[in-house]
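Engineer:
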Amino acid sequence: MALYSEKVMDHFLHPRNVGEIEGADGIGEVGNAKCGDIMKIYLKINDGTVTDVKFNTFGCGSAIASSSMATEMIKGKPLEEVLTLTNQAVVEALDGLPAHKLHCSVLAEEAVKAALRDYYKKNGIAYDHELLKDTTSCDHCEV
Ligand code: FES
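In structure tokens, the structure reads:
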């Protein structure tokens, strides 16, 4: 069996939603201290819905595929749904990632959460701190 699924290869070779959004409503930047990869996600939010999303990832193929898939999963979705995005859902949508690459999908979940936190803070909107917990400083990522 190939190490990477066809979907991972497709999103790595043809990533969707790459770039930046001028005047984004929420921006989330996260990094993994161990591998050095960095991911930045931009959200445009209108009426409680993610109307546009872009990303820039300086990182491995799995991180690029994870960010591409995560942006596809949240585009056009209401915030209540975006809030529940997990790295497991991204991995499933990609038809799996090798165990030693799971942390790359965690980065995508963390980047989306960081962008949401940024949006809520900028607009003075109360949010569930437990749901949007900042875990980027934790040391759980195995590389
Ligand atoms: Fe660091 Fe993939 S995000 S190796």
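Taking the working numbering as reference, the numbering of the sequence shown is continuous, increasing by one, and the terminal residue is 752. For each residue, glycine too, the CB sits at the ideal point set by N, CA and C.
1. Please say whether residue 659 and residue 686 have beta carbons closer to each other than 7 angstroms?
2. Would you mind sorting residue 695 into buried or exposed? The rule is 16 or more other CB atoms within 10 Å of its CB.
3. Could you give the distance in angstroms between the alpha-carbon of residue 752 and the alpha-carbon of residue 671?
4. Please return the same chain residues whose Cβ sits closer than 6 angstroms to the Cβ of residue 620, not counting the five positions on each side in sequence.
5. Please say whether residue 650 and residue 667 have beta carbons closer to each other than 7 angstroms?
6. Indicate the three-state DSSP secondary structure (helix, strand or coil) for residue 752 in the structure shown.
7. Taking 8 angstroms as the threshold, find out whether the stretch 632–644 comes into contact with the stretch 692–711 through three or more Cβ pairs.
Structural biologist: Let me lay it out:
1. yes
2. exposed
3. Low local confidence applies: a pLDDT of 44 at residue 752 is under 50, so the model's placement there is unreliable, and no value is given.
4. 674, 677, 678
5. no
6. Annotation note: pLDDT 44 at residue 752 (below 50); position unreliable, coordinate value reported separately. DSSP places residue 752 in coil when its eight states are reduced to three.
7. no
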